[in-house]
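The structure under discussion appears below in the form of structure tokens.
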Amino acid sequence: MRQFTGRVVAKGTVSAPALVSHGGLNTLASFQKALQFGDKKATCGDQNNPDLYGKPMAGKALCLPRTIGSTTGGLVLYCACSMHRQPACMLFSEPIDSLAAAGAILQDVWLEGSRMPVIDCLGEEFLRYVQDGMTVTVKEDGIVEIE
Numbered sequence: 085m086r087q088f089t090g091r092v093v094a095k096g097t098v099s100a101p102a103l104v105s106h107g108g109l110n111t112l113a114s115f116q117k118a119l120q121f122g123d124k125k126a127t128c129g130d131q132n133n134p135d136l137y138g139k140p141m142a143g144k145a146l147c148l149p150r151t152i153g154s155t156t157g158g159l160v161l162y163c164a165c166s167m168h169r170q171p172a173c174m175l176f177s178e179p180i181d182s183l184a185a186a187g188a189i190l191q192d193v194w195l196e197g198s199r200m201p202v203i204d205c206l207g208e209e210f211l212r213y214v215q216d217g218m219t220v221t222v223k224e225d226g227i228v229e230i231e
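Under my numbering, the letters of the sequence shown match residues 85 to 231, in that order.
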């Protein structure tokens with residue numbers, strides 16, 4: 085088991101299998117099928133992200149460097165949570181951008197029963213270590229354990 089410590093953006097505890105991207109996550113392209121067409125698995129629709137494309141994101145520990153894309157990023161994350169199609173958690177090796185952070189914070193404050201813990205600043209070593217399918221446990225204090 086390996087531990088990493090980051091900054092808590094949205095609190096919560098969860099354990100889930102890892103889904104790893106070494107490229108940025110375009111939130112709109114990735115979640116469009118889930119939000120617009122009712123895909124409850126939140127299958128990634130971003131053809132420009134070969135690590136995630138075609139894989140279900142709902143219920144996974146989404147491990148990535150950063151988000152990229154449009155100004156709708158925060159709203160997309162909030163909507164995915166409100167529709168119960170969100171990842172189990174989002175874990176960033178780099179600092180989260182302000183738009184994605186807004187969506188993460190709003191879902192944490194406004195939505196009952198639809199938690200999505202978000203931790204950023206986990207470092208490059210985190211993304212080098214974690215692999216798809218590993219069990220990731222997020223703790224309230226920003227500690228992320230990987231088995």
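Positions of the beta carbon are idealized from the N, C-alpha and C atoms, including for glycine.
Just so you know, these numbers come straight off a predicted model, no measurement behind them.
{"Query": "Do Thr-151 and Leu-103 have their C-beta atoms closer together than 7 Å?", "Result": "no"}
{"Query": "How long is the line joining the alpha carbons of Gly-187 and Gly-217, rounded to whole angstroms?", "Result": "26 Å"}
{"Query": "Can you give the beta carbon distance from Asp-204 to Arg-91, rounded, assuming they're within the 8 Å contact cut?", "Result": "5 Å"}
{"Query": "Quick test of your reading: Val-93 and Ile-230, contact by CB under 8 Å. State the CB separation rounded to the nearest angstrom.", "Result": "Not a contact, Cβ separation roughly 19 Å."}
{"Query": "Contact between the region 129 to 149 and the region 189 to 196: three or more CB pairs below 8 Å?", "Result": "no"}
{"Query": "Can you grab the Cα-Cα spacing for the pair Pro-140 / Val-202, in whole Å?", "Result": "18 Å"}
{"Query": "Give me the residue from Lys-95, Phe-121, Thr-89, Val-214 with the minimum Cα distance to Leu-148.", "Result": "Val-214"}
{"Query": "Under the three-state reduction of DSSP, which class applies to Asp-258: helix, strand or coil?", "Result": "Nothing about residue 258 can be read from this structure; the chain reaches only from 85 to 231."}
{"Query": "Considering only residues of the same chain and omitting the five flanking positions on each side of Val-98, which have a CB-CB separation below 7 Å?", "Result": "Ala-172, Cys-173, Pro-201, Val-222"}
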